[in-house]
Amino acid sequence: MSHRPRRRKRPKYRASPGTSPGTLVAPHGALPTRIRAIAYGPNQHEEVEIGPDLDALRQLRRRFPVVWIDVTGISDIARIRALAEMFDVHPLALEDVVNGHQRVKVDRYPNHMFFVVYMAEDDEDLGTEQLNVFIGRDFVITIREEWDRSLAPVRQRVAHTEGRMRRTGTDYLGYAILDSVVDHYFPVLDIVSERLEALEDEVLERPGPALVARIQGVRRELNALRRAVWPLRDVIGELMRLENEAVIAPSTMIYLRDLQDHVLRVIDLVESYRELAASLMDLYLSSISNRMNEIMKVLTIISTIFIPLSFIAGVYGMNFQIERSPWNMPELTWRYGYPIALGLMLAVALGLLLFFRRKGWLGAR
Amino acid sequence: MSHRPRRRKRPKYRASPGTSPGTLVAPHGALPTRIRAIAYGPNQHEEVEIGPDLDALRQLRRRFPVVWIDVTGISDIARIRALAEMFDVHPLALEDVVNGHQRVKVDRYPNHMFFVVYMAEDDEDLGTEQLNVFIGRDFVITIREEWDRSLAPVRQRVAHTEGRMRRTGTDYLGYAILDSVVDHYFPVLDIVSERLEALEDEVLERPGPALVARIQGVRRELNALRRAVWPLRDVIGELMRLENEAVIAPSTMIYLRDLQDHVLRVIDLVESYRELAASLMDLYLSSISNRMNEIMKVLTIISTIFIPLSFIAGVYGMNFQIERSPWNMPELTWRYGYPIALGLMLAVALGLLLFFRRKGWLGAR
Amino acid sequence: MSHRPRRRKRPKYRASPGTSPGTLVAPHGALPTRIRAIAYGPNQHEEVEIGPDLDALRQLRRRFPVVWIDVTGISDIARIRALAEMFDVHPLALEDVVNGHQRVKVDRYPNHMFFVVYMAEDDEDLGTEQLNVFIGRDFVITIREEWDRSLAPVRQRVAHTEGRMRRTGTDYLGYAILDSVVDHYFPVLDIVSERLEALEDEVLERPGPALVARIQGVRRELNALRRAVWPLRDVIGELMRLENEAVIAPSTMIYLRDLQDHVLRVIDLVESYRELAASLMDLYLSSISNRMNEIMKVLTIISTIFIPLSFIAGVYGMNFQIERSPWNMPELTWRYGYPIALGLMLAVALGLLLFFRRKGWLGAR
Amino acid sequence: MSHRPRRRKRPKYRASPGTSPGTLVAPHGALPTRIRAIAYGPNQHEEVEIGPDLDALRQLRRRFPVVWIDVTGISDIARIRALAEMFDVHPLALEDVVNGHQRVKVDRYPNHMFFVVYMAEDDEDLGTEQLNVFIGRDFVITIREEWDRSLAPVRQRVAHTEGRMRRTGTDYLGYAILDSVVDHYFPVLDIVSERLEALEDEVLERPGPALVARIQGVRRELNALRRAVWPLRDVIGELMRLENEAVIAPSTMIYLRDLQDHVLRVIDLVESYRELAASLMDLYLSSISNRMNEIMKVLTIISTIFIPLSFIAGVYGMNFQIERSPWNMPELTWRYGYPIALGLMLAVALGLLLFFRRKGWLGAR
Amino acid sequence: MSHRPRRRKRPKYRASPGTSPGTLVAPHGALPTRIRAIAYGPNQHEEVEIGPDLDALRQLRRRFPVVWIDVTGISDIARIRALAEMFDVHPLALEDVVNGHQRVKVDRYPNHMFFVVYMAEDDEDLGTEQLNVFIGRDFVITIREEWDRSLAPVRQRVAHTEGRMRRTGTDYLGYAILDSVVDHYFPVLDIVSERLEALEDEVLERPGPALVARIQGVRRELNALRRAVWPLRDVIGELMRLENEAVIAPSTMIYLRDLQDHVLRVIDLVESYRELAASLMDLYLSSISNRMNEIMKVLTIISTIFIPLSFIAGVYGMNFQIERSPWNMPELTWRYGYPIALGLMLAVALGLLLFFRRKGWLGAR
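Sequence order for the protein chains is A, B, C, D and E. 674 is the number of the first residue of the first sequence in our numbering; add one for each residue after it. 674 is the number of the first residue of the second sequence in our numbering; add one for each residue after it. 674 is the number of the first residue of the third sequence in our numbering; add one for each residue after it. 674 is the number of the first residue of the fourth sequence in our numbering; add one for each residue after it. 674 is the number of the first residue of the fifth sequence in our numbering; add one for each residue after it.
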């Protein structure tokens, strides 16, 4: 039974065109907003759930060198706007967050940098989800729709280790978040790779039309991953060019280079899986056409053998009057006429089979 | 019943080649010219219909910092030329307006910038229409053939809000017009997306030759959109490089960057729909060939089962003389000869069916 | 009846390889040489046919600021060489003129610039013809094989108007010639467009193998146009970069930019027609295969219906001896045996037809 | 019998995503670690197996200008880490070594350069294996999984010749290692070339579906080689740009240029073999479809000849009552009725054969 | 009869990998070495065959400003090495000469430039052969395997004319050699063009599987030419950039530009022939499938006409007992039963033919 892959939701434009830029409307079906703050310095660390009142946040900011505000769900536009105002987040950047469906990019605003990246989810769906990251001098804000697993390891590193993470600034935290996002592509690609292997087996053993939709499904997933990953290269490249401007600490640079390397590996994998998927399609087409040819060949061979036999039977079914002439079908009166006729049919059948075998048309391929 | 998509009118060159550049001839079938002026400053706002006499315009220009002249219909060449002369519009630019079928571009002339962009219409047709925009120090002129919906929101923003729009100069008005044009691509792309989804369903469920023309039609629409959108990237890129020359106010720059981002998103969508349309074509071809193969297979299986049966019937239709020899078709004289023959036929038919089923040639695919 | 497109003559190399560069041999079949001079200044204008003696030319050059020498036919190598020497034309450039089959290009020599462009002819053939243009300080030489229509408008503008043309120098004349060449591509592209539309109709209505050759023919014409037009972009780009060097007057620059714009439009059209032609080929293939499939399906359905019927007839043609046993084909002795048999056949035929109709195999597609 | 090519193991990501960068875990199934040091100067040369204690290494380093530490097997993480610390190898580079599946690249660290390249193995498998090379001022470290043949010639050159090798520094040793790696691609490509030739023969002589998988297998191998070789060009290009920085001795530069040339040759070969493999696939498809067409044609011709013959036999098998009318099948009573009927059949069969031959449908292709 | 194109020999790597660079081993099957020296100055000219002793060469070098040493056959490694040492040829360049199968390139060494180009041979094979050219201040060395025609014209120009050739230095001689090599591509391309035309005719008139291999053969030849010609563009471009460094005389520059132009024309031709060959393949596929479809259609039409006829004959071959009932096949007893049955068959046959003709299935395509 064929299961057609779930169709990827295509982006719908929400704000009606022509409205003033910066207008914010919570998207239909947005999840409830929840804000967590993780503040830390070399020796301290505090993780607080922030309610509607943002005062707690203001105090954390005063006490700690780095505050990471992790927001999930964007239905509460008012709270998000208040948060944005507290950290001087630019309205256009905030519009991008709320509208969603943004391109992977990095924008530099006076008070902060603004990243849009896509987290890959390694569930059945292989979907991607927009992650918005604001990096300021003393704060990092991450905004996304759902509580995703890929940022959990970063939170744990902040909480449990007193290593490099705690001693460095927001640039390293930003790097750690991006690194976690990129590293999450690998298990997703492993799933893709397994699907491709399974598809390859099926294509060779049980080619059927349902496979086409599934191969196309994997190709679509790879295209989505590609769109998520390719621009990351430029985004990180742009970050690395910021070294001179003292936004990124030189000690973080070597980690950015390593991150870039991971991105390039993900791109390599995506590209080679795309090639593989394309060649699978070719393999499928050749496999299905072989199979159909094989069937038609066997059927036609069966017909071709019986048609001459039927002809012989037809000849001896003719009603020429034996009595009127000795030339009229004397075979019918022979003692062994019938066995000879059957033998003739057998001989013709065997002769044809032999001919086909010699031509190699009967061989198991 | 297949409905073939309306064929896109291909551009015909109007002015006979070799004529002096700058010659103006109203295109055949041009709509009547209508001129509206929208003048505004931080606190005032006036919207006037301009008749054949352009004096009213001259006064508006004196009284307001920004005048937007919105022209539709280009049949009245004389009036348009007078308008152009009043604002020192270059004859070559004016020639481009009247001839139509221009490329998306931005040209810098001494007194103004000249844009050619294409507005997308979200009606049945998904056509595009040339919009010519002249941006000078204190004026913006937009010229197009038909009264299009996409500029209405901009006019409303000028009329009803006293926000950023009113306080800023012609550069921001120009941006607002371009932004409205770009934002109008999104609903058009939603229509394309829905068409592609509908086509995908039909391809899988009811593949027929009429689909080819419709898929090709969508591909042609996407190609037209692509030609309209790709060069916008360079046009806006060129605008952004003007920052140093004080043509574009620095405060407008951040909006241009946002506009560029929207353009890139439109391009991404167009490209991914193009890929989708191409893969639909592949899906269709594989679907139609599967269907035909299936039909031919069933037909051939029916023939193949009956041909051996006919052969058996043929054998017992032979006229070998039973009387002359006990070897001649003794079956014909048996008590159960006929039932046995029928049973033999049944056995052969069932045997073949069993063989085909085992080979998997009868399975529901 | 299929008419195969005339095959484009492929270039043959004339001078035997290894000869000293600059050797001139009139190509086989060259037309007789004819030289016309058009000399003009702001107020004067003279058009003279130049005979074997070039003295008249020398005098014109002295009297007028701009002399345009328009040569057709290159069989008279001696005269062309004399002309070239009078204007210090470089031997290598002259070799390119005589050998023909040059690439579109612009070469800068000490005394002149040398252009090779291709004029398109809007006749049945859609051929292209090499036009060689030399632009010096006070002269323009154009050399081509046949008297082509595309330069006539330029000559008329020189003759009849006293506008910009007459007041400007050789750079503007050169621009006018190039502009006329480029503008002549538009009607040619209109012809191509009409051919493509006609082919599209035929592909959908009367697909036949002759169409393949005709589609390929149009593709070849488009490829020839493409080779003629693409390099023009670089040629004009290179001209525009000459602004700083005072070769091109600044007032001519704006016209060059307009010309470049026309070239880009021609390129856009050529590319979109190329895409269209490629998709026509796909449409043809799918159309022809649909048609063939339809035929084979109908034929096979006819066979498939009659084969079981023939089987029934065969059964009742068997000769089992009725007399020997009541089990032997008692149907043959029934009163309504024959009508029942015919009715059975009819039932089988109708049953199969019904089955095929339900499967949707009979529907008008 | 078809043997399906062994499927290339696809990389699995080992470290769980989100862990702190620089964490080292020995990969599952890593081989035991073995360290050899080859130290040399212009006149001396020593080759020592290094045990768990690295002191011997420290002394060698003091006594010799160049020490080459050749490590195979990366299961003993502790020893490798100790080695890395002794030579100030950066933790991120070490992580790349242990994790494996890196991209071909060169990274510059403060104390050393770090190369990742892939050695090709010329065995049945045509696999590639990661080779990590660290080049410092007085040391070269090579780390790989298995004891590969491709570095043996370099070791021999160090051991046995007192030529250029001994007098130069680590840059030349690094070059020699890369050169050896690149040169090992040639025999591998020879094997690929032979496989392609064998496949070409089989495609033309015995096309079968098993060939598809084998052609795809070779294409996959070529893709792996391509991924290994293409980036080498940039790696060496980057090395050559280091000339100014006195990392690479000028005398080594000319050898780097030669190495680059070899890399480009390998790339050329890989690309042309890729083209060949692609055209093989086309050849196969056309070959297999020709073959199938040929079979179907012969079978259909056989059927087509016998069907009219059967029809004639059918006619004379009709039971019209001769006795009732002289019009009813008088042929049945003719003296030579039967021979005439047989002759008619023969004539029809020969006529059809002649018709087919004239049409060229019987010719040996 | 199909003649398969000779398979191009694929390069085998000779020196075992890992050997010290610069090692020279004469390739297997190398031709005997023969050295000719052509020395000349403005007024003198001498052509000498050089034996094992190179002293004669030394003297020529002293007496003439330019010495051209033309070597064919590279089996005598010792003599070639001696020659190389006399002119300070770099060992790495010499290695490239002896190993062969080099890429087209130019390398600059302290004492000379080193070119590798490929001469095309216009014989049946259309092979290419490596030509190595060393250009020093007062010498040019050309080394190749076989005595090729393409350098003969250069030798003749040196010998017989006292023109530009004799007065200029080694740079012009080098140019003349390259020019001769490039000019030799044109007749080769003419041969390719003729082959393509012949193939096109055959594809349309007598499509057969043998054509595939021949089309692929031409494509392979074009690929080989492409690899030989494309890099020449960069090689000559690099030469032209040397102008500033006084290696190339300014007067030679204009000739280099002309040479570059020829190279670009060759590239254009190669590319357009490649397109043509690709479209030939498409044409072939569509032609062969049309032909096969046509055959199958005719065969199926024949069968389809006879199957209903056989059915009618079968009906009247049934043995229903006329005597038992007036309903049982009364037709058999009619006076004109048999002629009516034959007439019915004829009517059915004509009806089907008419139906097929109306559907357009019988038309000559």
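We put the beta carbon where it would ideally sit given N, CA and C, even for glycine.
Counting only beta-carbon separations shorter than 8 Å, does residue i have a partner in chain B?
i, result
"residue 1034 of chain C", "yes"
"residue 893 of chain C", "no"
"residue 819 of chain C", "no"
Indicate whether at least one CB of chain A lies closer than 8 Å to the CB of residue i.
i, result
"residue 738 of chain D", "no"
"residue 639 of chain D", "Residue 639 of chain D falls outside the range modelled here, since chain D spans only 674 to 1038, and no answer is possible."
Hey, out of the options, whose CA is closest to residue i's CA?
i, options, result
"residue 824 of chain E", "E/798, E/792 and E/885", "E/792"
"residue 718 of chain D", "D/832, D/988 and D/840", "D/832"
"residue 910 of chain B", "B/698, B/922, B/897 and B/932", "B/932"
"residue 982 of chain A", "A/1008, A/1016, A/830 and A/960", "A/1016"
"residue 734 of chain B", "B/784, B/789, B/716 and B/811", "B/811"
"residue 813 of chain A", "A/775, A/844, A/767 and A/1031", "A/844"
"residue 704 of chain E", "E/819, E/769 and E/742", "E/819"
"residue 928 of chain A", "A/970, A/1007 and A/847", "A/847"
"residue 761 of chain C", "C/783, C/768 and C/828", "C/783"
"residue 898 of chain E", "E/736, E/794 and E/707", "E/794"
For a contact meaning CB atoms closer than 8 Å, what does residue i contact in chain E?
i, result
"residue 812 of chain C", "Those do not exist, as residue 812 of chain C stays about 21 Å from chain E at its closest Cβ, beyond 8 Å."
What is the rounded straight-line gap between the Cα of residue i and the Cα of residue j?
i, j, result
"residue 748 of chain D", "residue 739 of chain A", "39 Å"
"residue 804 of chain A", "residue 772 of chain D", "28 Å"
"residue 960 of chain D", "residue 1028 of chain D", "27 Å"
"residue 963 of chain D", "residue 767 of chain E", "50 Å"
Can you pull the chain D neighbours of residue i, defined as C-beta to C-beta under 9 Å?
i, result
"residue 778 of chain E", "934 and 937"
Please report whether the beta-carbon of residue i lies at a distance below 8 Å from any beta-carbon of chain D.
i, result
"residue 901 of chain E", "no"
"residue 959 of chain E", "no"
"residue 878 of chain E", "no"
"residue 926 of chain A", "no"
Starting from residue i, find everything on chain D with Cβ-Cβ shorter than 8 Å and list it in chain order.
i, result
"residue 1029 of chain E", "In chain order: nothing, as chain D lies at least about 15 Å away."
Using a C-beta cutoff of 8 Å, does residue i count as contacting chain C?
i, result
"residue 930 of chain E", "yes"
"residue 923 of chain E", "no"
Counting only C-beta atoms, is residue i closer than 8 Å to chain E at any point?
i, result
"residue 784 of chain C", "no"
"residue 714 of chain D", "no"
"residue 711 of chain C", "no"
Segments of 4+ residues assigned as alpha helix (DSSP H) that fall wholly inside the region 818-889 of chain B
825-833, 837-840, 843-856 and 858-878
Please give the ranges of any alpha helix (DSSP H) in the region 924-968 of chain C, keeping only runs that are unbroken, at least 4 residues long and fully inside the region.
none
At 4 residues or longer, what runs of the alpha helix (DSSP H) sit wholly inside the region 732-764 of chain C?
Segments of the alpha helix (DSSP H) lying fully in the region 732-764 of chain C: 750-759.
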